[in-house]
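Peer 1:
Residue numbers (this note's numbering), protein chains in the order written: chain B, 1 to 368; chain V, 369 to 673.
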């Protein structure tokens, strides 16, 4: 296995009619040996392009890509010692599963006995033995996905690349395959680079997550760190479901004023935000850090806001309560026994130990 | 509680309801079915009956299988059969290879060039067979003025009487077919090539596949449905080759280019032996069906649709 490094990687697509589009704008990162790193971001953010550049299927406009101790800028995909699982699996439809699995090894002219052993091993790991002589069209989506993974593992590559491999599966199967991939990573001790637009997949699979937007890396951190300390409003809004609430406030001394209410904040917090005296700020608070007044065990009642409930969504284990502050809709994730119905006046309690502040212009988090 | 008034109308039968709902559909289907019955099935059935008759406008005579017996004893029939087989074997596989190669090169081009070449290659298919044959008559002109003779003259060869000699006439027709229309096949192949997901080639790149390996193990197998279609339709068309023979050689010299379709025409409209011509037609039809079935049986077993 090997580490992967991006040094000042830039990728531009030039179109005669549409001009130049920058897909990746100066990426720098290191994926350590045996690490499971997930690239996440909305469509067109540059995550798949980054993965394809590692694979050699896309050539970077500038910068260096290093796999192991080799600069691979000019190497053909086959010479990079990587394996890739494609979004549509890219299984050869006219070949059996056995032929699909052995295709790469046959091209490498490996001995027949070796190929048979590797194919049998991969089939055993992924539970494909009973369908080894079938063709892809005779397999379910989940089984095809396993074959695609199998085709990657038979070659013992230095790096595994996964391009949204679960996006074609239904929700239940996706959860199951997520667990299987996680186990596979532990078993193979492989360096894995995984691309997804699904933040739940990113949070559950990745040891570290690279959040991208508009071709720029927004933050690289562990799932816990990303969730607890997002560096900017994009990361804060992208990671977490439902996403973080953003509330427009103005700081006046120890008071944060907003439409329809105010919070009195501690001295230390007020000092930390002194640069924003009488200026607008964005208060970021996650739905689970807003609770209903009648919920037992709420931390304190200092930070309350009286709002009118717009919608209540009953999810069983919790309720999502929507109310408005100014022109923004705020979501509170509350205990299912909390009383509330649309139109009800309700006092909401904010847990200020967990809130964040963001600069409205730069959208960066303010460390106070 | 009030009771419901008795129904004044009788209940609708299922058949009536069905016809009310689907009657229009049958009416629409009726038109093409009638056309098929009148203009296809009836002539075929009549021709089949005719093949057992000594046909005459004034009154036909039932002669059993005499027409078939005469046909198999006729040397010209077997000669035309052999010519047709030679023509088919000489044209269909070569045409498929040429069509595939042209498609492969066109597929590598940018979209606007692809469109240009698709249109250019398809042009001969739009032109009538008569026009094409006239152009080729000029190309095969046996004098020094002939285009092909001028070309071989560049290499020091004497002029050849392409269509006038037994040993070159059939080859000339085959050559004309090679250089003729590949447009329809190219369009089908290009559509099939465009239908192969790009990710298969990317996966193959990562899987250490060489250019040859990608062609032989991915592209070619995935082209099999198109190839099979072109093979079957190509064989059917070449078994029925007529226009070029009729216009360029009249089946000669010495029956060297008499194909089965031309023989049928000749038997019917030059010798007015409609019964015998019908028998020959049915043998040709049966042959085409048998060959098509064999092609499907042997070539479609591992085709991925």
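Every residue, glycine too, gets a C-beta built ideally from N, C-alpha and C. Predicted, not measured: the structure shown is a model, and the values here were computed from it.
From the DSSP output, in three-state form, read off residue 329(B) for me.
Peer 2: Residue 329(B) falls in the strand class under three-state DSSP.
Peer 1: Excluding five sequence neighbours on each side, which residues of the same chain lie with their C-beta closer than 7 Å to the C-beta of residue 421(V)?
Peer 2: Around residue 421(V): 428, 429, 430, 431, 643.
Peer 1: Output, in chain order, the set of chain B residues within a Cβ distance shorter than 8 Å of residue 590(V).
Peer 2: Simply 93, 94.
Peer 1: Mind pulling the beta strand (DSSP E) runs of 3 or more residues that sit fully within the region 236–306 of chain B?
Peer 2: Whole beta strand (DSSP E) segments, 3+ residues: 245–252, 255–258, 261–264, 280–285, 290–292.
Peer 1: Could you name the residues of the same chain whose beta carbon sits closer than 6 Å to that of residue 21(B), not counting the 5 residues immediately before and after it, in chain order?
Peer 2: The residues are 13.
Peer 1: Any C-beta of chain V sitting closer than 8 Å to the C-beta of residue 222(B)?
Peer 2: False, the Cβ-Cβ gap to chain V never drops below 8 Å.
Peer 1: Measure the C-alpha to C-alpha separation of residue 360(B) and residue 282(B) and round it to an integer number of angstroms.
Peer 2: Spanning the two alpha carbons is a distance of roughly 6 Å.
Peer 1: Distance check for residue 627(V) and residue 455(V), CA to CA, integer angstroms please.
Peer 2: Approximately 8 Å, taken between the alpha carbons.
Peer 1: With a cut-off of 8 Å on the beta carbons, I'd call residue 103(B) and residue 573(V) a contact; round off their distance for me.
Peer 2: With 8 Å as the limit, residue 103(B) and residue 573(V) do not qualify as a contact, their Cβ atoms being about 12 Å apart.
Peer 1: Any beta carbon of chain V sitting closer than 8 Å to that of residue 1(B)?
Peer 2: No - not a single Cβ of chain V is within 8 Å of the one on residue 1(B).
Peer 1: Roughly how far, in whole angstroms, is the beta-carbon of residue 132(B) from the beta-carbon of residue 97(B), given that I think they are within contact range, below 8 Å?
Peer 2: The pair is a contact, with the Cβ atoms about 5 Å apart (cut-off 8 Å).
Peer 1: Output the boundary residues of the alpha helix (DSSP H) element that contains residue 484(V).
Peer 2: It spans 479–494 - the alpha helix (DSSP H) in which residue 484(V) sits, taken as one unbroken run.
Peer 1: Identify the continuous beta strand (DSSP E) that holds residue 110(B) and give its terminal residues.
Peer 2: Note, residue 110(B): premise wrong, no beta strand (DSSP E); not H, not E.
Peer 1: Determine the chain V residues that contact residue 118(B) at a beta-carbon separation under 7 Å, and present them in chain order.
Peer 2: The premise fails here: residue 118(B) is roughly 13 Å from chain V at the closest Cβ pair, so nothing lies under 7 Å.
Peer 1: Output needed for residue 469(V): all residues of its chain with C-beta closer than 8 Å, excluding positions within five of it in sequence on either side, in chain order.
Peer 2: For residue 469(V), where only same-chain residues beyond five positions count, there are no Cβ hits under 8 Å.
Peer 1: Drop a sphere of 10 angstroms on the beta-carbon of residue 506(V), count the other beta-carbons inside from all chains shown, and report buried for 16 or more, exposed for fewer.
Peer 2: Result: exposed.
Peer 1: Check each candidate in 232(B), 225(B), 228(B) and name the one with the smallest Cα separation from residue 212(B).
Peer 2: Nearest C-alpha to residue 212(B): 232(B).
Peer 1: Quick check for students: name the residue ranges of the alpha helix (DSSP H) that lie wholly in the region 41–101 of chain B, counting only runs of 4 or more.
Peer 2: Correct list: 47–55.
Peer 1: Give the residues from the region 59–79 of chain B that approach chain V closer than 8 Å (Cβ to any Cβ), ordered along the chain.
Peer 2: Under the 8 Å Cβ criterion, the region 59–79 of chain B contributes 76, 77, 78.
Peer 1: Out of 605(V), 511(V), 611(V), state which residue places its alpha-carbon closest to the alpha-carbon of residue 659(V).
Peer 2: When each option's Cα is compared against that of residue 659(V), the closest is 605(V).
Peer 1: Quick one: which chain V residues come within Cβ less than 9 Å of residue 57(B)?
Peer 2: Chain V residues near residue 57(B): 570, 573, 574.
Peer 1: Should residue 611(V) and residue 494(V) be called a contact, given that it needs their Cβ atoms to be closer than 8 Å?
Peer 2: Against a cut-off of 8 Å, the Cβ pair of residue 494(V) and residue 611(V) comes out as no contact.
Peer 1: Using the C-alpha atoms, what's the distance from residue 578(V) back to residue 562(V)?
Peer 2: Rounded to whole angstroms, residue 562(V) to residue 578(V) spans 20 Å at the Cα level.
Peer 1: Kindly give me the distance between the Cβ atoms of residue 202(B) and residue 24(B), rounded to whole angstroms, as I take these residues to be in contact under 8 Å.
Peer 2: Contact doesn't hold; Cβ gap of about 18 Å is too wide.
Peer 1: What separation, rounded to the nearest whole angstrom, lies between the Cα atoms of residue 341(B) and residue 320(B)?
Peer 2: About 11 Å.
Peer 1: With DSSP as the reference, label residue 356(B) as helix, strand or coil.
Peer 2: In this structure, residue 356(B) counts as strand in the three-state DSSP scheme.
Peer 1: Alpha carbon to alpha carbon, how far is residue 187(B) from residue 153(B)?
Peer 2: Looking at the two C-alpha atoms, the distance is approximately 11 Å.
Peer 1: Give me the Cβ distance between residue 123(B) and residue 108(B), rounded to the nearest whole Å; I'm assuming they're in contact under 8 Å.
Peer 2: At roughly 19 Å, the Cβ-Cβ gap does not stay under 8 Å, so residue 123(B) and residue 108(B) are not in contact.
Peer 1: Determine, using beta carbons only, whether residue 593(V) comes closer than 8 Å to chain B.
Peer 2: No - not a single Cβ of chain B is within 8 Å of the one on residue 593(V).
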